[in-house]
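Just so we're aligned, residue -1 is where the sequence shown starts under our numbering, counting upward by one. Please read the structure below before turning to the comments.
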Amino acid sequence: MLSLLLAVAAQSQPTDTSIYIRVNQVGYLPVGPKVAVACSLDSAAAAGLTTFAVRDLVGRVVYGPQRVTPAGPFGPCVVTHRLDFSGLTRPGRYRVAAGGVLSPVIRVDARAYAGAAD
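Next up, the structure:
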């Protein structure tokens, strides 16, 4: 089920990168867990991935930098890292930044799941 909630938005990723940030496209609840996954297609690129931050849409850091948690390979990802930003509770729209890559826009909102399929 978690893999269904994760998605890569190619339009926000440079085409020559080997790191992609997967996020919950529906959104995150302010007081709930918030985890993104950095997928590295190249182990050399993954070696430099040690921290991440969450930025507002203007680019200001609103959470972090925090250390990434290595999580091993998954599917086409040679290495994955969990990016836990559960400490961010302020509603808003953000992007996760790690390894020089930005995630698609994410939403933190108490009504993040309103209208979603059951």
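Positions of the beta carbon are idealized from the N, C-alpha and C atoms, including for glycine. Treat the numbers as computed from the prediction; the structure is a model and nothing was measured.
In the DSSP annotation of this structure, the continuous segment of the beta strand (DSSP E) that includes Ala36 starts and ends at Val33 to Ser38.
Segment contact: the region 93 to 110 against the region 67 to 75, fewer than three CB-CB distances shorter than 8 angstroms; contact not assigned.
Rounded to the nearest angstrom, the gap between the Cα atoms of Val35 and Ala95 is 11 angstroms. Annotated three-state conformation of Ala115 is coil, per DSSP. Comparing C-alpha distances from Ser16 to each of Gly97, Leu39 and Ala51 shows the shortest one belongs to Leu39. The distance from the Cβ of Gly85 to that of Tyr61 is about 6 angstroms, consistent with a contact at the 8 angstroms cut-off. Under the three-state reduction of DSSP output, Ala95 falls in the strand class.
Of Leu27, Pro31, Tyr18 and Gln23, the smallest CA-CA separation from Pro89 is found for Leu27.
The C-beta of Gly25 has 16 or more other C-beta atoms within 10 Å across all chains shown, which makes the residue buried.
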